[in-house]
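In the working numbering, the protein residues as written are 82 to 198. Here's the structure we're looking at; comments come further down.
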Amino acid sequence: MKLKNKYFEMGDFDKREREEVFSKRARAGKRTYFFDVKATRSNDYYLTITESKKRLEDGVFIKHKIFLYKEDFEKFTEGLNETLAYIKDHQEVVERRYEYTENDTSENKDDIDEFSI
């Protein structure tokens with residue numbers, strides 16, 4: 082019985098480990114991007130970036146996720162900024178503002194598959 086309780090306590094810890102510290106959702110047309118800050122067991126923050134898009138054929142949400150750890154933030158930011166600058170220098174970029182109504186189907190972040198580290 083005691084071992085079972087330890088198992089559940091560990092399970093509770095694992096759930097707490099995956100709790101979000103901060104979350105931001107950005108809707109962009111047919112895609113939604115989720116930026117989630119989470120903490121490891123040692124309370125180090127990391128970022129998950131999820132792209133979610135509803136497949137028209139069957140209504141299933143297709144999700145792609147990357148994990149970005151704090152030791153990679155600087156190099157990732159440098160690479161992203163350089164790439165965005167290249168695109169802006171070589172093509173006109175028109176940012177669209179999307180309007181949503183209550184009838185829009187909203188994507189639920191809770192439906193997104195989570196990966197453990």
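All residues carry an ideal CB built from backbone N, CA and C; glycine is no exception. The model shown is predicted, which means the values in this text are computed figures rather than measured ones.
- Judged by DSSP in its simplified three-state form, L137 adopts coil rather than helix or strand.
- Under the DSSP assignment, K119 falls in the beta strand (DSSP E) whose first and last residues are R112 to A120.
- A straight line joining the alpha-carbon of V141 with that of V102 spans about 28 Å.
- In chain order, K134 and R136 place their CB closer than 6 Å to the CB of I143, counting only its own chain and leaving out the 5 sequence neighbours on each side.
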